[in-house]
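Engineer: The structure that follows is given in the form of structure tokens.
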Amino acid sequence: MKVKDNSSDGVAILASWLKEARHTTVLTGAGMSTESNIPDFRSKSGWWNNIDPRTVATTKALKRDYDLFHEFYSMRIRGLEKCSPHKGHKILSAWEGRGLIQAIATQNVDGYHIAAGNESVYELHGSIHKIRCDKCSTPDSIDHFLDKESCHSCGGKLRPGVVLFGETLPEESWNTAMSHIRKSDLVIVIGTSLEVYPASELPSMTNGRKVYINAEIDYHATQFDLTIEGKAGKILKQVNE
Ligand code: BV8
Numbered sequence: 001m002k003v004k005d006n007s008s009d010g011v012a013i014l015a016s017w018l019k020e021a022r023h024t025t026v027l028t029g030a031g032m033s034t035e036s037n038i039p040d041f042r043s044k045s046g047w048w049n050n051i052d053p054r055t056v057a058t059t060k061a062l063k064r065d066y067d068l069f070h071e072f073y074s075m076r077i078r079g080l081e082k083c084s085p086h087k088g089h090k091i092l093s094a095w096e097g098r099g100l101i102q103a104i105a106t107q108n109v110d111g112y113h114i115a116a117g118n119e120s121v122y123e124l125h126g127s128i129h130k131i132r133c134d135k136c137s138t139p140d141s142i143d144h145f146l147d148k149e150s151c152h153s154c155g156g157k158l159r160p161g162v163v164l165f166g167e168t169l170p171e172e173s174w175n176t177a178m179s180h181i182r183k184s185d186l187v188i189v190i191g192t193s194l195e196v197y198p199a200s201e202l203p204s205m206t207n208g209r210k211v212y213i214n215a216e217i218d219y220h221a222t223q224f225d226l227t228i229e230g231k232a233g234k235i236l237k238q239v240n241e
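Residue numbers for the sequence shown follow the UniProt record's numbering, so the first one is 1 and each next one is one higher.
Here it is, written out as structure tokens:
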């Protein structure tokens, strides 16, 4: 049943599927955090509108222009300090507590699902809060990174533990996220353009029902059984009622 629906019917259908499902996995992207005032990447107010990702979010960028790399990630870390998880994050945490969802696979590096109380969270693109030396991998502190200090062990450059373009995803998170998706009879995809590989392949790995909640519905939506166009926080609140 392909229901493209941004009326209350879509919300009612998702609410009933959520109750019926035995194993539900949620996949989130940057659109899950824009209602916390954190920009996403590819919508008209996203990071990549003013910054070429190749100049800041790749392994080459880190080596070629560390100043720009450091400026971009410091700005994002400082931005997160002023914001917090919104109602939608808290609803997903309540759903885990009630056994309605079993896992969240997230492309987000802001840590908001964990901060909101979810325990079964798989950070596919790492965490911006985990700082390490790019050369010797020694863990270090956010303050040392923000102060642009070098690694105290080897003098190398400090970086956030995010997955840059060209880097592989953390094996444990990726494999566990895949196994949750594979055994899910419901996958809810929230706030992602599904443009980034291999996270974009996850929805196709389930034989279960697939739901897409996104502010902009595009060609990716054809693979879903139900699409609900709109803001994640608002829609999660309606489903929760
Ligand atoms: C890998 C750093 C190899 C962390 C990020 C050519 C073709 C295809 C693929 C490739 C290619 N060349 C290279 C690749 C691979 C590459 C890739 O996919 N490139 C694409 C972009 C062309 N991928 C990689 O390099 C990955 N690694 O493939 O390794 C490998 C693989 C297997 C085995 C061995 C080796 C690494 C990918 C990770 C890259 N890191 N950033 C950071 O700084 O955050 S990517 C960046 O995009 C973020 O991590 C972000 O999470 C991610 C995905 O974006 P979204 O989350 O979807 O955000 P976006 O803005 O795009 O969309 C948000 C959506 O929400 C919008 O639709 C918007 O309308 C909506 N929205 C907004 N507000 C709301 C909302 N919806 C609802 N409610 C709202 N309120």
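Backbone N, C-alpha and C define an ideal beta-carbon position, used for all residues, glycine too.
Nothing here was measured: the structure is a model prediction, and the numbers come from that model.
(1) May I ask which residues mark the beginning and end of the beta strand (DSSP E) holding His129?
(2) Count the other C-beta atoms from every protein chain shown that fall within 10 angstroms of the C-beta of His152, then say buried if there are 16 or more, exposed otherwise.
(3) Flag this pair as yes or no: are the beta carbons of Gln223 and Pro203 separated by less than 8 Å?
(4) With a threshold of 7 Å, establish whether the CB of Glu123 neighbours any heavy atom of the ligand BV8.
(5) Ignore the nearest five residues each way along the sequence and tell me which others in Arg22's own chain have a CB closer than 7 Å to its CB.
(6) For a quick check, are the C-beta atoms of Ala177 and Met32 less than 8 Å apart?
(7) I need the DSSP call for Thr227, collapsed to helix, strand or coil.
(8) From Tyr212, Leu146 and Thr58, pick the residue whose C-alpha is nearest to that of Ser74; which is it?
(9) Under the criterion of a Cβ to heavy atom distance below 7 Å, does Lys232 qualify as lining the ligand BV8?
(10) Measure the C-alpha to C-alpha separation of Gly10 and Ser16 and round it to an integer number of angstroms.
(11) Using 8 Å for Cβ pairs, my map puts Thr192 next to Leu27. What's the rounded Cβ distance?
(12) Does the ligand BV8 have even one heavy atom less than 7 Å from the beta-carbon of Val187?
(13) Just checking, does the segment 104 to 118 make contact with the segment 44 to 55 on the three C-beta pairs under 8 Å criterion?
(14) Let me know the beta strand (DSSP E) ranges lying completely inside the segment 16 to 45, each 3 residues or longer, listed in chain order.
(15) What does DSSP give as the partner residues of Tyr122 in its beta bridges?
(16) Shorter than 7 Å, the distance from the beta carbon of Tyr212 to the closest heavy atom of the ligand BV8, or not?
(17) Shortest alpha-carbon distance to Thr55 belongs to which of Ile101, His70, Ile190 and Lys148?
(18) Going by the beta-carbon positions, is the gap between Ile38 and Leu80 smaller than 8 Å?
(19) Please report whether the beta-carbon of Tyr66 lies at a distance below 8 Å from any beta-carbon of chain C.
(20) From Ala30, Ile235, Ala12 and Lys63, pick the residue whose C-alpha is nearest to that of Ser45; which is it?
(21) Determine whether the beta carbon atoms of Lys135 and Pro160 lie at a separation below 8 Å.
(22) Measuring from the CB of Phe145, is there a heavy atom of the ligand BV8 at a distance below 7 Å?
(23) Cutting at 6 Å between CB atoms, please list the residues of its own chain near Leu14, excluding the five before and the five after it.
(24) Am I right that Cys133 and Gly156 are in contact with their C-beta atoms under 8 Å? What's the rounded C-beta distance?
Structural biologist: According to the structure shown:
(1) Gly126 to Cys133
(2) exposed
(3) Taking 8 Å as the Cβ cut-off, Gln223 and Pro203 qualify as a contacting pair.
(4) no
(5) Asp185
(6) Cβ atoms of Ala177 and Met32: not closer than 8 Å.
(7) strand
(8) Leu146
(9) The sequence given here places Ala at residue 232; Lys does not occur at that position. Under cutoff, so the answer is yes.
(10) 10 Å
(11) So it is a contact: roughly 7 Å between Cβ atoms.
(12) Every heavy atom of the ligand BV8 is 7 Å or more from the Cβ of Val187, so no.
(13) no
(14) 24 to 28
(15) Ala105
(16) no
(17) His70
(18) yes
(19) Judged by its chain identifiers, the structure shown contains no chain C, having just a single protein chain.
(20) Ala30
(21) no
(22) no
(23) Contacts found: Val211 and Val239.
(24) 4 Å
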